[in-house]
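Just so we're aligned: 271 in our numbering is position 266 of the sequence shown, and the numbers increase by one with no gaps anywhere.
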Amino acid sequence: MASTIPPAPTTGTGLDRGLRIGLGIGLLLPAVLALLGSYVLPSALAVYRSTTRDNLIGPAEGVGLDNYQAAFDDGFVGSLWLTALLALVPLLVGLVVAPLLALLADRAGRAARSATRVLLVLPVACYAPVGLLIGWRTDRLDVATVVEHPYATMFWLTAVTSAGLVVAVATTLFLAALRGGSPWRARLSAALTVAGVLAIGILATVLQIFDAAVVLGARRDGSWTPLTEIVTLSLMRFEIGRGSASVVLLLAPLMLLGVAAVGLLLITRARIEVDPTRQAVDTTQRAAGRVPARIGLAVALTVLVAAGVWIAFPWLRRIFQFQSDGPFGGGSPAETVIATWLPTLVASVVSVGIAALAGFAIGGLRPLGRHSELLLLPFAPWLFVGTGPLAIESYVRARDLGLLDSMISLIPPGWVSIPTLVAFALLGRGQHARWQAGGGFTRTMLLPALPMLALAGLLTWLFNAGQLLWPWLVAQGPSGMPATVSVFRLFSGARAEADGLGFGLLLPVPLLLLFLAAFVALQLTYLDRLAIRVGQESDVSATG
6 MASTIPPAPT TGTGLDRGLR IGLGIGLLLP AVLALLGSYV LPSALAVYRS
56 TTRDNLIGPA EGVGLDNYQA AFDDGFVGSL WLTALLALVP LLVGLVVAPL
106 LALLADRAGR AARSATRVLL VLPVACYAPV GLLIGWRTDR LDVATVVEHP
156 YATMFWLTAV TSAGLVVAVA TTLFLAALRG GSPWRARLSA ALTVAGVLAI
206 GILATVLQIF DAAVVLGARR DGSWTPLTEI VTLSLMRFEI GRGSASVVLL
256 LAPLMLLGVA AVGLLLITRA RIEVDPTRQA VDTTQRAAGR VPARIGLAVA
306 LTVLVAAGVW IAFPWLRRIF QFQSDGPFGG GSPAETVIAT WLPTLVASVV
356 SVGIAALAGF AIGGLRPLGR HSELLLLPFA PWLFVGTGPL AIESYVRARD
406 LGLLDSMISL IPPGWVSIPT LVAFALLGRG QHARWQAGGG FTRTMLLPAL
456 PMLALAGLLT WLFNAGQLLW PWLVAQGPSG MPATVSVFRL FSGARAEADG
506 LGFGLLLPVP LLLLFLAAFV ALQLTYLDRL AIRVGQESDV SATG
């Protein structure tokens with residue numbers, strides 16, 4: 006295909022290098038500004054507020070490190086450790102079950118691998134954590150168990166409700182790491198790198214648990230998590246200084262985990278390559294050796310599908326309940342759907358678009374040459390920081406601007422998706438050698454990035470729409486309330502019955518079918534061609 010942008014020079018000229026540097030800086034600038042506004046400034050304000058006594062009404066009063074002392078006295082650090090232990094089962098699933106499943110699928114042949122990829126779509130496309138949690142709380146957990154064994158209940162609930170998503174994401178990544186075309190030692194190194202980043206990401210995600218805690222009642226004797234402590238102190242007791250101290254104590258390990266993950270990717274020289282054809286079965290692999298893999302894969306998929314249906318049944322049986330009853334619900338079903346999906350769509354388009362341009366600038370244009378990936382380091386501390394830890398600062402800003410209880414306030418506050426930025430940087434790095442070898446820009450850089458853009462946008466949209474914390478903070482009126490808030494408030498009023506809560510509004514069936522179709526198409530036509538590589542790039546031709 007003809008390209009309107011010339012291939013990257015192999016020898017380089019001052020003009021070409023200058024153009025790449027200028028264009029790279031231009032594409033990076035929006036992401037840097039979004040990073041400053043969405044992450045750096047709120048983090049700095051949290052550090053400042055943590056040294057004050059502030060009730061959001063009168064002037065703040067400096068108290069030094071008293072708030073940190075109070076946080077230690079209240080056992081906040083202990084709650085961090087207890088919450089981190091909730092990651093044990095997700096880690097076991099992601100680091101043991103997922104790689105074994107990926108290995109079986111990789112050795113079983115193309116048809117079996119494609120069937121596996123289709124099944125992996127189900128827990129992702131059906132992502133509706135509030136519905137799943139409330140369904141389990143009402144159908145599978147009795148009040149006595151929750152009251153008498155809150156931490157054990159929290160541990161079990163976190164394990165079962167996260168298992169499907171962890172298996173789907175981790176197996177997809179391991180399949181990319183095990184993709185043929187490189188020696189087994191190289192594939193093993195790539196798989197170990199994936200395992201390291203997965204372990205870090207799972208731990209960081211678990212530390213930010215909020216939905217499961219509030220559904221169970223967020224009691225200090227077991228189901229209390231760092232985010233429930235932060236929200237309670239800041240917006241229920243109006244001790245925002247103490248809440249900010251807890252924010253800083255939560256941000257510290259999250260930022261270290263983000264730097265560790267990016268550092269691992271830099272040290273291993275990780276990259277994502279898009280092969281021009283789907284993976285074929287290794288010619289060195291005997292047909293007889295594929296039979297045990299197919300049998301093992303069939304058994305594993307049967308068990309996983311049965312477990313997934315059992316886990317999701319309390320939500321699945323209510324997906325056609327579109328009308329909510331009770332005084333705590335939102336507006337009409339149409340208003341609820343719009344409030345749930347339109348603001349999150351806006352946020353997803355903007356945050357993913359800005360991140361994709363910046364990631365392409367770092368990995369594809371490489372303005373700093375072989376040191377370009379170091380430009381990921383300023384973003385690394387916030388790689389795994391979700392909306393929760395900085396939600397209080399974002400809430401205060403929305404309140405000061407008079408935006409609470411408006412459609413604008415429902416837009417999640419992060420304006421750059423840092424995981425997307427990192428993914429596009431790795432993709433640009435993987436494709437850069439082919440562009441440099443003489444491949445056209447459109448064929449080697451642009452076209453392979455478009456499906457990644459669609460994948461990142463859809464995932465971000467789906468995950469943002471399923472979250473409870475941010476809309477719960479800013480949606481205070483009876484109308485224009487997102488489905489997650491409406492269902493949760495109705496559940497909080499009833500406590501014993503999940504019917505009549507409007508579960509179908511959490512993920513309407515037409516949108517569910519849209520996500521299913523899109524993710525299946527991406528798995529079979531795009532993700533099956535992705536390969537995660539580590540180590541020194543080998544010489545490649547323009548066509549791979």
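A virtual CB, placed ideally from N, CA and C, is assigned to each residue, including glycine.
Note that the coordinates shown come from a computational prediction; the quantities given were computed from them, not determined experimentally.
- By the Cβ neighbour-count rule, A396 is buried, with 16 or more other Cβ atoms within 10 Å of its own.
- As DSSP reads the structure, T57 sits in a beta bridge with G67.
- Remark: C-beta atoms of R142 and V220 approach each other more closely than 8 Å.
- A distance below 8 Å between beta-carbons, with the five flanking residues on each side excluded, links F493 to the following residues of its chain, in chain order: V135, I139, V219, V220, L473 and W477.
- If you ignore the 5 residues before and after L70, its C-beta comes within less than 8 Å of the C-beta of T56, all in its own chain and listed in chain order.
- Pairing G29 with L370 gives a Cβ-Cβ distance under 8 Å.
- Remark: C-beta atoms of A182 and F520 do not approach each other more closely than 8 Å.
- Here the stretch 143–157 does not lie against the stretch 182–202, with fewer than 3 beta-carbon pairs under 8 Å apart.
- Rounded to whole angstroms, E398 and L382 show a C-alpha spacing of 24 Å.
- The three-state secondary structure of I272, taken from DSSP, is helix.
- Here the alpha carbons of P297 and A385 stand approximately 42 Å from one another.
- Under the 10 Å beta carbon count, P64 is surrounded by fewer than 16 other beta carbons and is classified as exposed.
- Selection V45, A250 and L170 evaluated against F77 yields A250 as nearest (Cα-Cα).
- Looking only at L87, A523 and A107, the smallest Cα-Cα distance to L306 is reached by A107.
- Shortest Cα-Cα distance from L178 to any of P515, V304 and R276 involves R276.
- Using a Cβ distance threshold of 8 Å, T447 and R439 do not count as a contacting pair.
- With a threshold of 16 other beta carbon atoms within 10 Å, S497 falls short and is exposed.
- Burial state of F325 is exposed, judged by a 10 Å Cβ sphere holding fewer than 16 other Cβ atoms.
- Cβ-Cβ separation between L127 and G313: approximately 7 Å, consistent with a contact (criterion under 8 Å).
- Here DSSP, grouped into helix, strand and coil, assigns A175 to helix.
- By the criterion of a C-beta distance shorter than 6 Å, A461 is surrounded in its chain by V357 and T425, once the five residues flanking it on both sides are discounted.
- Within the stretch 467–518, complete alpha helix (DSSP H) segments of at least 4 residues are found at 474–479 and 488–499, given in chain order.
- Pairing G248 with L238 gives a Cβ-Cβ distance under 8 Å.
- Setting aside the 5 residues that flank it on each side, G435 is surrounded in the same chain by R276, I277 and E278, each with a C-beta closer than 6 Å to its C-beta; the list follows chain order.
- Within the stretch 146–191, no complete beta strand (DSSP E) segment of 3 residues or longer occurs.
- DSSP places E278 within a strand segment (E or B) once states are collapsed to three.
- Below 8 Å, enough C-beta pairs join the stretch 93–101 and the stretch 203–211 to call them touching: three or more.
- Per DSSP, I62 lies in no alpha helix (DSSP H) segment and is marked neither H nor E.
- Put simply, the backbone Cα of L415 is about 43 Å away from that of A303.
- When the five nearest sequence neighbours on each side are left out, the beta carbons in the same chain lying within less than 6 Å of the beta carbon of T230 are those of T88, I214 and A218, in order along the chain.
- Counted as a single uninterrupted DSSP element, the beta strand (DSSP E) harbouring R538 occupies residues L535 to R538.
- DSSP places I316 within a helical segment (H, G or I) once states are collapsed to three.
- A direct Cα-to-Cα measurement between A317 and L137 gives close to 6 Å.
- Just measuring C-alpha positions, the residue of R118, V52 and G114 sitting nearest I245 is V52.
- It is roughly 30 Å from the alpha-carbon of A257 to the alpha-carbon of L463.
- Annotation for N469: T349, A352, S353 and P417 place their beta carbon closer than 8 Å to its own, counting only its chain and skipping 5 residues before and after.
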